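In full-length UniProt numbering, the protein residues as written are 1 to 104.
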């Protein structure tokens, strides 16, 4: 297997808990350090602190969909969507480029 993957620094997949405030309630969110780094980058790019960004995302998703059964998983997926967009590879549900490559 390629060293790019198997050589990943263990610190990057160590779980880290951070306290955040959502809907006026302080809660804890546990993610791997690498995801926190990506969320910090996204938040800074949007002009927010990471806790502010997470609160805003939580509020927007809750308004759109109601219950958020697994907020940590949502954050991980948001990180992958961000990285895909950065690489020009966004393959979300509204982008059929990946499907057309598979079919064609």
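Glycine is no exception: its CB is placed at the ideal position from the N, C-alpha and C atoms.
Every value quoted in this text rests on a predicted model; they were computed, and no experiment measured them.
Within the UniProt domain "Ribbon-helix-helix" (15–83), the runs of beta strand (DSSP E) at least 3 residues long that lie entirely inside it are, in chain order, 15–22 and 25–32. Separation of the CB atoms of residue 21 and residue 55 is rounded to 6 angstroms, and the pair is thereby assigned contact status at 8 angstroms. Bounds of any alpha helix (DSSP H) do not take in residue 13, whose DSSP letter is neither H nor E.
Note that the C-beta distance between residue 40 and residue 50 is below 8 angstroms. Across the set 37, 58 and 70, the C-alpha of 58 shows the shortest separation from the C-alpha of residue 25.
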